[in-house]
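K.L.:
Going letter by letter, the sequence shown gives residues 78 to 336 in my numbering.
Note that CB positions come from ideal geometry on N, CA and C, so glycine has one too.
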Amino acid sequence: MQTVLFHDTIFGPIHSRRLGTSLGINLMPNDGKVCSFDCLYCEAGYNAQGRGQAGISPREEVDKALRAKLIEMHKDGIKLDVITFSGNGEPTLHPDFAGVVDDVIALRNEYYPEAKVSVLTNSTMVHKPEVAAALKKVDNNILKLDSAIDTTMRLLDRPNSSSFTCKKVIHDLKQFEGTGIIQTMFTRGVHDGAQIDNTTPEEIEALIEAYSKIKPREVMIYSIDRKTPEQSLEKVPKSELELIGQQITAATGIPVQVA
Numbered sequence: 078m079q080t081v082l083f084h085d086t087i088f089g090p091i092h093s094r095r096l097g098t099s100l101g102i103n104l105m106p107n108d109g110k111v112c113s114f115d116c117l118y119c120e121a122g123y124n125a126q127g128r129g130q131a132g133i134s135p136r137e138e139v140d141k142a143l144r145a146k147l148i149e150m151h152k153d154g155i156k157l158d159v160i161t162f163s164g165n166g167e168p169t170l171h172p173d174f175a176g177v178v179d180d181v182i183a184l185r186n187e188y189y190p191e192a193k194v195s196v197l198t199n200s201t202m203v204h205k206p207e208v209a210a211a212l213k214k215v216d217n218n219i220l221k222l223d224s225a226i227d228t229t230m231r232l233l234d235r236p237n238s239s240s241f242t243c244k245k246v247i248h249d250l251k252q253f254e255g256t257g258i259i260q261t262m263f264t265r266g267v268h269d270g271a272q273i274d275n276t277t278p279e280e281i282e283a284l285i286e287a288y289s290k291i292k293p294r295e296v297m298i299y300s301i302d303r304k305t306p307e308q309s310l311e312k313v314p315k316s317e318l319e320l321i322g323q324q325i326t327a328a329t330g331i332p333v334q335v336a
């Protein structure tokens, strides 16, 4: 079974296709996975691997580990473009996510004031006022929307909650108008006999309508780049993504970054 990627709270720095030289923060267990989605393409594997034994890192531990790493990097003259919340699951599930964000911003300001703070979130917790307020503080609030059609979203992202719908999340994402970045993963494949393809004209039309309602400052589109739990998934060629991006911008006026 494909399992967790990150075995430390602070990992990297690594090179991100979308963000540059990135120091990662994994708020979820370093020996298991905790997520409100169970995506077919998740590099950290399926939720079935379990939550592990380590537990979610307390706020104080995150602060201590990040400070130590930033001091080390600063001493060694290592460049840093961004500090990114990602890891083995959904970072906004952390019980003190807002407090951790405040700590990370303070440490960034102290050691690498030129670096950005980014959060990669699957958008399942943005209905919570404290989570939304924290996301509005970071430089790059990167919010997932893989499909605006429920059947496709449920096949590809497999949310834990039966009440999670595209209509609801699109409504919730409107609060980030002009500041949020919507991130969409495009892929095709088969899972348990069901065809999955969010690149069809119907899918693109629905996404364009959703982007138009949300009005983010930018849309990021990309495809798979590493091994995925559902091995039938295909990487969408960059040339095709660029055409989709041109279509989105032409219809909405929103800049699109293709990775």
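Using 8 Å as the Cβ pair cut-off and three pairs as the minimum, do the stretch 274-294 and the stretch 82-90 touch?
P.N.:
The stretch 274-294, when compared against the stretch 82-90, does not touch it at the 8 Å Cβ threshold.
K.L.:
I'd like to confirm something about Met297: is its beta-carbon nearer than 7 Å to some heavy atom of the ligand MN, or not?
P.N.:
The ligand MN is not among the ligands present in this structure, which contains no ligands whatsoever.
K.L.:
Taking buried to mean at least 16 other C-beta atoms within 10 Å of its own C-beta, is Ile285 buried or exposed?
P.N.:
That one is buried.
K.L.:
So, helix, strand or coil for Asn103, using DSSP?
P.N.:
The answer is strand: DSSP assigns Asn103 an E or B state.
K.L.:
Report the rounded CA-to-CA distance for His133 versus Ser113, giving the unit in angstroms.
P.N.:
In the sequence as displayed, the identity of residue 133 is Ile instead of His. Near 14 Å, if we compare the C-alpha coordinates of Ser113 and Ile133.
K.L.:
Going by C-alpha distance, which of Val196, Lys193, Ile298, Asn124 is nearest Leu320?
P.N.:
Closest by alpha carbon: Ile298.
K.L.:
Only counting the same chain, and skipping five residues up and downstream in sequence, which positions put a Cβ closer than 6 Å to that of Phe162?
P.N.:
Cβ within range, chain order: Ile102, Pro168, Val196.
K.L.:
I'd like the span of the beta strand (DSSP E) that includes Asn218, first residue to last.
P.N.:
Element bounds for Asn218: 217-221.
K.L.:
Residues bridged to Ala271 by DSSP?
P.N.:
His268, per the DSSP bridge assignment.
K.L.:
Please report how far the alpha carbon of Ser93 lies from the alpha carbon of His248, in whole angstroms.
P.N.:
C-alpha separation (whole angstroms): 29 Å.
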